[in-house]
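Structure, as structure tokens:
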Amino acid sequence: MESKLVVYNTLTRKKEAFKPIDREVIGMYVCGPTVYGNAHLGHAKSYVSFDLIYRYLVHVFPKVKYVQNITDVGHLTDDADEGDDKIAKQSRLEKIDPMAVVERYMYNYFRDMDALNVRRADIYPRPSGHIPEQIEIIENLINKGFAYKVNGSVYFDVAKYDETFDYGKLSGRSVEEMMEGAANRVLAGQSEKKNGFDFALWKKADSSHLMQWNSPWGKGFPGWHIECTVMSQKYLGDNFDIHGGGLENQFPHHECEIAQAEAHTGKPFANYWLHNNMVTINGQKMGKSLGNGIFCAELFTGDNFQLERAYSPMTIRFFILQSHYRSTLDFSNEALNAASKGFDRLQKGLDRINDLKVSNKSTVDISSLKESLYHAMNDDFNSPIAISKLFDSLKMIAAIEGGNETISKVDLVEFKALFEVFFFSILGLQVENNEVVSNEITDELMQLILDYRKAAKTEKNWAVADQIRDRLKELNISIKDGKDGADWSFEKKN
RNA sequence: GGUCUCGUGGCCGAGUGGCUAGGCAGUGGUCUGCAAAACCAUCUACAACGGUUCGAAUCCGUUCGAGACCUCCA
């Protein structure tokens with residue numbers, strides 16, 4: 003299929019035709035988590051969004067090389083002072099090694115993302131494993147005059163960079179504006195820097211600092227922007243296709259990445275910058291200080307004061323995909339319940355397609371359905387529209403079931419394939435049947451019970467028939483009477 | 001204070017200069033012994049005020065409101 007993919011590029015603030023550098027291999031780098039805590043709803047939105055993007059690119063292009071960092075070092079709790087990084091802080095809290103913190107939360111992250119059916123990236127590089135590479139680039143930046151050393155730390159000289167490059171092009175800022183802005187703000191602890199907006203490439207560490215490495219400037223640790231520059235370029239080349247991340251990282255993190263990379267190589271960095279939007283909870287920002295954060299694991303178990311019940315991973319995923327990745331997503335129990343029911347109905351479409359009867363000719367139009375689905379995804383990965391088209395196709399299924407429309411064998415094959423490709427491969431949804439264990443014995447037992455109930459019904463003994471149904475319901479088994487007898491299934495809990 | 005984004009019906013959430021988004025909930029039906037499921041039909045919109053236009057919820061301006069970033073955060 004010819005790609006007419008259009009993506010919203012933060013760099014230009016408009017939708018652009020996506021033109022890969024190399025049609026055979028697309029390079030994509032997405033800022034990953036700093037693993038010092040459990041994965042939360044924000045992570046879910048972010049990485050499900052980029053998973054959708056990744057899956058669609060994989061669907062359209064021959065090969066996609068997907069790199070996502072797992073940050074295990076270097077992010078200070080406060081860039082301005084001499085404080086710990088977040089991982090070191092957590093390691094003191096938990097009284098375990100910093101790298102044990104990293105291991106614990108990295109696996110927590112993978113566990114939750116796996117549950118959400120987020121496909122793994124090809125490479126998950128970690129900054130602690132790329133210290134020599136980071137030092138190398140910092141040295142080059144010093145040699146080129148874009149960085150300066152102060153007391154064992156190294157800072158990036160933003161004003162110098164801005165003379166030949168354009169600092170602020172991604173976030174729509176200018177150095178002049180930031181000068182003015184800085185005048186209105188009292189910034190503490192930045193006496194080492196030439197300017198307040200300069201940022202650390204390497205920070206000197208004192209002996210109490212848990213994570214530190216040798217460098218040409220003494221013992222220290224890398225700054226919190228350099229890792230992404232180094233690791234993206236190492237695995238994808240100096241200039242690559244897509245760089246993604248959360249909107250909140252647009253400035254300063256991504257801006258600094260660009261500055262470092264382009265100062266280092268003199269070449270453009272990523273061609274397309276994609277940013278996903280944030281989660282709000284009942285209209286409010288989700289944040290630690292507000293105390294309204296929800297971890298993924300809590301969503302799956304319902305164990306959080308803001309949750310009325312547990313929501314399955316696929317409900318969460320479907321909920322996220324029902325809004326556009328660049329929109330904020332408002333979380334509430336009501337919205338989650340709506341997503342849960344909607345997803346359930348969509349999921350049932352898979353079976354209903356299999357049961358459709360074919361006719362000699364079609365009165366339905368599969369090719370226009372196909373076109374509308376691809377059109378939606380080609381328009382900056384518009385999953386909500388794609389999902390709405392799948393719901394529309396449910397109406398078509400109902401019409402065929404009811405005999406008001408017909409479908410040919412060829413069209414049915416095409417329709418089934420189309421529905422399944424979008425459901426499973428592109429949207430990355432999975433069937434959740436919650437079937438405890440359906441085996442021969444349960445099947446036989448249920449048949450036995452249903453036979454007795456059928457006998458009761460034949461005698462119009464409704465009391466017994468209803469009692470059987472009610473008692474089974476207490477066991478989470480639901481009975482549905484149809485024209486061809488009764489069906490039973492384990493009830494979906496989520 | 002600076003930069004930027006957004007305000008859609010009961011809830012969530014797309015889109016757009018003129019044609020039903022979709023989901024959930026509600027209401028009325030079909031089916032059913034009843035129920036559930038399913039299906040059909042249907043009610044609530046485009047923050048406010050100006051302007052441009054044959055026509056704007058969609059473009060422009062103002063006001064009000066919300067949010068993001070400027071400090072760690074997906």
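Add 2 to the 1-based position in the first sequence for this note's numbering, that's all there is to it. Beta carbons are placed, not taken as given, at the ideal position from N, Cα and C, and that holds for glycine.
Best match in Ala-265, Asp-413, Lys-391 and Tyr-313 for proximity to Gly-147 [C-alpha to C-alpha]: Against the first sequence, residue 147 aligns to sequence position 145. Comparing Cα positions, the closest option is Ala-265.
Within the same chain, show all residues whose beta-carbon is closer than 8 Å to that of Asp-413, passing over the 5 residues directly before and after it, in chain order. Residue mapping note: residue 413 aligns to position 411 of the first sequence, counting from 1. Only Ser-364, Val-366 and Ile-368 meet the Cβ criterion.
Determine which residues share a DSSP beta bridge with His-326 and list them. Along the first sequence, read from residue 1 onward, the residue named residue 326 stands at position 324. DSSP output for His-326 lists no bridge partner at all.
Proximity below 8 Å, CB of Leu-420 to CB of Leu-371: Here residue 420 corresponds to residue number 418 of the first sequence, with the count starting at 1. Here residue 371 corresponds to residue number 369 of the first sequence, with the count starting at 1. Yes, the Cβ-Cβ distance between Leu-420 and Leu-371 is below 8 Å.
Should the region 384 to 394 be regarded as contacting the region 443 to 451, the criterion being three or more beta carbon pairs within less than 8 Å? no
From Val-9, His-61 and Ala-41, residue whose alpha carbon lies closest to that of Phe-302: Against the first sequence, residue 302 aligns to sequence position 300. Nearest of Val-9, His-61 and Ala-41 to Phe-302, Cα basis: Ala-41.
Which value, in whole angstroms, describes the spacing of the CA atoms of Glu-229 and His-255? For the purposes of this step, residue 229 is identified with residue 227 of the first sequence, where counting begins at 1. For the purposes of this step, residue 255 is identified with residue 253 of the first sequence, where counting begins at 1. Going from the Cα of Glu-229 to the Cα of His-255 covers about 11 Å.
With 16 other Cβ atoms within 10 Å as the buried cut-off, status of Phe-393: Position 391 of the first sequence holds residue 393. Exposed, by the Cβ-count rule.
Asp-332 - containing beta strand (DSSP E), residue span: Taking the first sequence and counting its residues from 1, the one referred to as residue 332 is at position 330. First-last of the beta strand (DSSP E) with Asp-332: 331 to 333.
In whole angstroms, what separates the C-alpha of Tyr-327 from that of Val-466? Working through the first sequence from its first residue, we reach residue 327 at position 325. Working through the first sequence from its first residue, we reach residue 466 at position 464. When rounded, the distance between both Cα atoms is 52 Å.
Which residues mark the beginning and the end of the alpha helix (DSSP H) in which Val-103 is found? Locating residue 103 in the first sequence gives position 101, where the first residue counts as 1. 100 to 117 is the extent of the alpha helix (DSSP H) around Val-103.
Following a CB-centred definition, is Met-30 positioned closer than 7 Å to any heavy atom of the ligand SAM? The ligand content of the structure shown is nil, which means the ligand SAM is not present either.
Does the distance from the CB of Val-37 to the CB of Tyr-274 come in under 8 Å? If you number the first sequence from 1, residue 37 lands on position 35. If you number the first sequence from 1, residue 274 lands on position 272. Not a contact, by the Cβ cut-off of 8 Å.
Assuming contact is defined by CB atoms lying nearer than 8 Å, are Met-379 and Tyr-163 in contact in what I supplied? To locate residue 379, count along the first sequence from 1; it is residue 377. To locate residue 163, count along the first sequence from 1; it is residue 161. No, they are not a contact pair.
According to DSSP, what are the bridge partners of Trp-204? One-based indexing of the first sequence puts residue 204 at position 202. Bridge partners of Trp-204: Val-156 and Pro-224.
Of all the options Val-75, Ala-123, Ser-51 and Gln-469, which has the alpha carbon lying nearest to the alpha carbon of Val-66? As a working note, residue 66 is residue 64 in the first sequence. For the residues Val-75, Ala-123, Ser-51 and Gln-469, the minimum Cα distance to Val-66 belongs to Ala-123.
Is it a yes or a no for the region 288 to 296 touching the region 94 to 101, going by three-plus beta-carbon pairs under 8 Å? no
Once the 5 residues before and after Met-398 are set aside, which same chain residues still bring their CB inside 6 Å of it? Counted from its first residue, the first sequence places residue 398 at position 396. Excluding positions up to five away in sequence, the list reads Val-366.
Count the other CB atoms, across all protein chains shown, that sit within 10 Å of the CB of Asp-74; report buried if there are 16 or more and exposed otherwise. Translated into positions along the first sequence, residue 74 becomes position 72. Buried, since its Cβ has 16 or more Cβ neighbours within 10 Å.
Compute the beta-carbon to beta-carbon distance between Gly-225 and Ala-207, rounded to the nearest angstrom, for a pair I have assumed lies under 8 Å. Taking the first residue of the first sequence as 1, we reach residue 225 at position 223. Taking the first residue of the first sequence as 1, we reach residue 207 at position 205. That belief does not hold up - the Cβ atoms of Gly-225 and Ala-207 are roughly 12 Å apart, past 8 Å.
Can you list, in chain order, the residues of its chain whose CB lies under 7 Å from that of Leu-238, leaving out five sequence neighbours each side? Residue 238 sits at position 236 when you count from the first residue of the first sequence. Correct list, in chain order: Gly-29, Tyr-31, Lys-67 and Val-69.
Consult DSSP for Gly-44 and reduce its assignment to one of helix, strand or coil. Indexing the first sequence from 1 puts residue 44 at position 42. Note: Gly-44 maps to helix in three-state DSSP.
Taking DSSP as the reference, what is the three-state secondary structure of Glu-416? Residue numbering aside, residue 416 sits at position 414 when the first sequence is read from its first letter. Helix, per DSSP.
Would you tell me roughly how many angstroms separate the C-alpha atoms of Trp-464 and Ala-458, rounded to the nearest one? Sequence index remark: in the first sequence, residue 464 carries index 462 (1-based). Sequence index remark: in the first sequence, residue 458 carries index 456 (1-based). Whole-angstrom Cα-Cα distance: 7 Å.
At a cut of 8 Å, does the region 334 to 350 reach the region 317 to 324 through at least three beta carbon pairs? yes
Look up Thr-408 in the DSSP assignment and say whether it is helix, strand or coil. Counting from one through the first sequence, the residue named residue 408 turns up at place 406. DSSP places Thr-408 in coil when its eight states are reduced to three.
What are the start and end residues of the alpha helix (DSSP H) that includes Leu-172? Within the first sequence, residue 172 is the residue found at index 170, counting from 1. Premise fails: Leu-172 is in no alpha helix (DSSP H) and is neither H nor E.
Host alpha helix (DSSP H) of Val-466 (start-end): Mapped onto the first sequence, residue 466 falls at position 464. 464 to 476 is the span of the alpha helix (DSSP H), which, as asked, contains Val-466.
In whole angstroms, give me the CA-to-CA distance for Arg-175 and Lys-411. Numbered from 1 along the first sequence, position 173 holds the residue referred to as residue 175. Numbered from 1 along the first sequence, position 409 holds the residue referred to as residue 411. Roughly 58 Å separates the two Cα atoms.
Length of the line joining the Cα atoms of Ile-481 and Gly-285: Residue mapping note: residue 481 aligns to position 479 of the first sequence, counting from 1. Residue mapping note: residue 285 aligns to position 283 of the first sequence, counting from 1. Cα to Cα, the separation comes out at about 39 Å.
Which residues mark the beginning and the end of the alpha helix (DSSP H) in which Lys-372 is found? Taking the first sequence and counting its residues from 1, one reaches residue 372 at position 370. Here the alpha helix (DSSP H) through Lys-372 covers 368 to 380.
Please classify Val-188: does DSSP put it in a helix, a strand, or coil? If you number the first sequence from 1, residue 188 lands on position 186. Note that Val-188 has pLDDT 43, beneath the 50 cutoff, so the model's placement of it is unreliable and the number below is only indicative. Reduced to three states, the DSSP call for Val-188 is coil.
Could you check whether the region 196 to 215 touches the region 44 to 56, counting it as contact only if at least three pairs of C-beta atoms, one from each stretch, sit closer than 8 Å? no
Which listed residue (Ser-217, Gly-268 and Lys-287) has its alpha carbon closest to that of Glu-250: Taking the first residue of the first sequence as position 1, residue 250 is located at position 248. Glu-250 has its Cα closest to that of Lys-287, out of Ser-217, Gly-268 and Lys-287.
What does DSSP give as the partner residues of Lys-97 in its beta bridges? Translated into the one-based positions of the first sequence, residue 97 becomes position 95. DSSP, once it has assigned bridges, lists no residue as partnering Lys-97.
For a quick check, are the C-beta atoms of Val-160 and Asp-114 less than 8 Å apart? Taking the first sequence and counting its residues from 1, one reaches residue 160 at position 158. Taking the first sequence and counting its residues from 1, one reaches residue 114 at position 112. Contact flag unset, no.
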